[in-house]
Amino acid sequence: MSQSRTYDCVVVGAGIVGAACAMHLARDGFSVTIVDERGVATGTTAAGMGHIVVMDDSDAQFALTEYSQRLWDEFALTLPADCDHENCGTIWVAADGEELAEARRKHDFYKTRGVRSEMLDEKTLREAEPNLREGLAGGLLVPGDSVVYQPRAAAEFVDDAIRNGAETIFGRRVVMVTNGGIEFENGDRINAGNVVVAAGIGSCDLVAGVRIRRKKGHLVITERYPDFVSHQIVELGYLKSAHSSALDSVAFNVQPRATEQVLIGSSRQYDIDDPAVDYEILGRMTRRAFEYMPALANLAAVRVWTGFRPATDDNLPLIGRHPEMPNVFLAAGHEGLGITTSAGTAAIIADLIAGHEPAIDASPYDPARIF
Amino acid sequence: MSESIKAEVVIVGAGPAGLCAATGPVVASRSVVLIDDNPRPGGQIWRAEKGRTEDLAGRMIHKLSEHENFRRMPGTHVFGIDGNSLLCESPGGDVRVEFEKLIIATGARELLLPFPGWTLPNVFGAGGLQALVKGGLDVSGKRIVIAGTGPLLLAVAYYLRSKGANVVLIAEQAPRSRILRFGLGLWRSPLKLVEAVWYSAKLLTTRSVYDSYVVRAEGDERLRSVTVRIGAKTETIECDMLGVGFHLVPNTELAELLGCEIRNGAVVVDEFQRTTVENVWCAGEPTGISGLESSLLEGTIAGSSAMGAPDSGRFLRRNRRIRRIADRMNRCYELREELRRLADNATIVCRCEDATFGEMSKFDGFRAAKLQTRCGMGACRGRICGSASRFLFGWEADSARPPIFPVRVSSLAGED
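Just so you know, the protein sequences line up as chains A and B, in that order. Oh and the first sequence: position 241 is 241 in my numbering, straight run, nothing missing. To convert, count from 1 in the second sequence and add 1000; that's my numbering.
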């Protein structure tokens, strides 16, 4: 017990979720410290795509992503330019008539909930993205979606927190979370009125009973090809092939970076700890991408990497109070949507800690459901 | 993959170390594949001048090629590792090369350090400039400053003069006294001494200064002059080109990708050139900069060891001695502190991503700097700024990621 400073809030994890929580809490006037063994945005955050997207898998997922996107649009007004926040929109590509029907269903879903979207036919799809192959049935354009360079954005959130008085402790490993604070490897403690566990896949090691599985993914980034793609493009088979299956899967997903590079995804593999590139699934992933966008094959790839999405059993994040440790809050398990949902998560956590009613119904994300 | 091949011994790099590594196993009738990213053999050091074919590397390749169990893959980039297979992009398509034993002989590259103006057109690496001239760049009548450190400077200056260049200055950052002391110590290695004396004699009429370094390069759309610190004075010298290199750094990317232990920027090996990964050997410059003779010996030692032949104590002893000389030489050309402070906040350190010294210096490690400034994320994969950062900031490079060289996305897919 050599160290015993007391804060209103300690945030464990400086990925995008922890960074956003720290920013919110510090802005709300709490004394905050954010701790991370490896610094800002070094884990899943760094490995992801930076897609800010409204999703429609379930009403709960829609509510969180839609709320989050509105918050991101507010951040975007003040984010530094090098965070590369760009409102490029998402195109959901329908390969055939069945998927086009799915696009229409999605269109209606968004429409009834006030999210703008626009049906594309074969011709308007190709006009929007000339590098897509001919013969695709059409798609759905969701113009409100954005992309962001998420490691910079996370660092900006931390800097924002610091400007509002927050402190950082990097390079030290937290080994225990209790109702009154955290403990480091060497036994040092930090006392806090509230502990926010935003440690992604590491959260299970800190809070007993939390189950978060690793869903490994691969990404490829190319050299610079100006105007090769203009929107985030995702195949509509995505939901069928990747989200809802327990098997390894790949899906076509490309993103235009502000650097004029093209980011190519995506793959999903469960419960693998080895971060090495798996050429078998990488081959499947890239070949899937060529089926939609054949010209990708001839671009030069500069880097391939992998990352681990923190997946919960019910595909919804854990956001809220621990049922047995009332001063411990979970903000983890955001799977592949953490960049988007970090914003809503932070707002909910800040509201709960301040004793306010969150702006959206937070009960679907309540961690109590897993204990 | 369009093609899949298999060999008992696979060697990456057809420079002196790789060629020597191939010889033993080839003669002993083992199946050997020799991969090199350049169309012509010899590595940076031996690569023959354009048009000349009767060079040493060419003769060695010719000899090796008389054996049916030898296969050469020139112009082939190893970009990734999949288990015991090297994933390669070659002129004829993608090839997957499975090895039983692997010998890494990937050589070294020039260390480039940032200073104001180093990104101006007509500022080159010293060795890079030599390579360009070998490739056909005309330098006749051009006023050229050669600067930096290491024995390469004299060789480059000599070569450029032989091509008609007007080498107006050779600026070596190391103190003359240290180099003289080292030179005298070379009596035990007459070959090196003869070489040094020979270059010095040939360059007698070229202005050559020690304790000196380029402080900045000036110009608008191209280089006009360089400002050089010479001892206690500063002098501005008009010139058309600047070749500036700070000795060599080992190419360790392939070894890193395989998981070999790297220490102080070099691949860790035992005296038989075995790395810390089973069935993987490493020879020559990647194990620490020690020059041609050591590369020849280590290649031979690695080749013998990889095929399980009895070792030659004589080679091992000789290599130990050369390594000691090399260590002395590397100390002799140790970089001076002032070089860490040449860049100002606006000086670009990562040329691929335009990350500046000012932006990068805010961070406490390469990975954090990389994530926030994108340094090292470009097509050169941090080969330049990563090595520079090691010297400037004391940062270890971020973990290696495939592909080692940019490749077509279709090569990653395993199809053409």
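Each residue gets a CB set at the ideal place from its N, CA and C atoms; glycine is no exception. Every value quoted in this text rests on a predicted model; they were computed, and no experiment measured them.
- In this structure, N1345/B is the residue among D1211/B, N1345/B and S1140/B with its C-alpha nearest to the C-alpha of T1356/B.
- Under the rule that a run must span 4 or more residues, the alpha helix (DSSP H) segments found entirely inside the segment 11–56 of chain A read 16–27 and 44–47.
- Beta-carbon to beta-carbon, L1292/B and I1045/B are separated by about 6 Å, close enough to satisfy the 8 Å threshold.
- Judged by DSSP in its simplified three-state form, G200/A adopts helix.
- Scanning G114/A, P294/A, P143/A and A354/A for the CA closest to the CA of L136/A turns up P294/A.
- Only residues of its own chain outside the window of five on either side were considered, and among them F1246, H1247, V1249 and S1387 have a CB closer than 6 Å to the CB of L1111/B, listed in chain order.
- Against chain A, the CB of P1406/B has a partner CB under 7 Å away; the residue lies at that interface.
- Taking the C-beta atoms as reference points, A289/A is found no nearer than 7 Å to V17/A.
- In the three-state reduction of the DSSP assignment, Q1273/B falls in the coil class.
- Excluding five sequence positions before and after R1274/B, the CB atoms of its chain that fall closer than 7 Å to its own CB belong to W1281 and S1305, given in chain order.
- In this structure, the beta-carbon distance from E156/A to C83/A falls below 7 Å.
- For L132/A, not one C-beta of chain B is nearer than 7 Å to its own C-beta.
- Here W1198/B is exposed: its Cβ has fewer than 16 other Cβ atoms, across all protein chains shown, within 10 Å.
- The three-state secondary structure of C1332/B, taken from DSSP, is helix.
- For L282/A, the neighbours in chain B by C-beta distance under 7 Å run, in chain order, L1412.
- Short of 8 Å from the beta carbon of I370/A, and not among the five residues preceding or following it, lie these beta carbons of its own chain, in chain order: G209, V210, R211, T312, D313 and L318.
- For K111/A, the closest C-alpha among the options E66/A, L77/A and A76/A is that of E66/A.
- One finds V1409, S1410, A1413 and E1415 in chain B with Cβ atoms closer than 9 Å to the Cβ of F290/A, taken in chain order.
- Pairing N1038/B with G1075/B, the inter-Cα distance amounts to about 5 Å.
- The three-state reading of DSSP puts Y225/A in coil, since its state is none of H, G, I, E or B.
- For M1360/B, none of the residues of chain A pass the 8 Å Cβ criterion, the least Cβ distance being about 13 Å.
- Along the segment 112–182 of chain A, the alpha helix (DSSP H) occurs as fully enclosed runs of 4 or more residues at 122–128 and 150–163, listed in sequence order.
- For chain A, none of the residues of the segment 1088–1102 of chain B brings a beta carbon within less than 8 Å of one of its beta carbons.
- Proximity of P151/A to chain B, defined by a Cβ-Cβ separation below 7 Å, is satisfied.
- For D1354/B, the nearest beta carbon of chain A is not closer than 7 Å to its own beta carbon.
- The beta-carbon of A41/A is placed less than 7 Å from the nearest beta-carbon of chain B.
- Relative to R321/A, the option among S363/A, P310/A, T340/A and G344/A whose CA is nearest is S363/A.
- Not a single CB atom of chain A sits nearer than 7 Å to the CB of L1204/B.
- Residue burial is scored here from C-beta neighbours: L132/A has at least 16 other C-beta atoms within 10 angstroms and is therefore classed as buried.
- Pairing L1120/B with G1265/B, the inter-Cα distance amounts to about 28 Å.
- In this structure the segment 57–71 of chain A does not lie against the segment 94–108 of chain A, because fewer than three pairs of beta carbons, one per stretch, are closer than 8 Å.
- Taking a C-beta distance under 7 Å as the contact criterion, L79/A and H85/A qualify as a contact pair.
- Under a criterion of Cβ atoms nearer than 8 Å, the residues of chain B adjacent to Y279/A are, in order, G1080, D1082, L1087, L1412 and G1414.
- Within chain A, the C-beta atoms nearer than 7 Å to that of Q1372/B come from P151, R152 and A155, in chain order.
- Around the beta carbon of D1311/B, fewer than 16 other beta carbons sit within 10 angstroms, so the residue counts as exposed.
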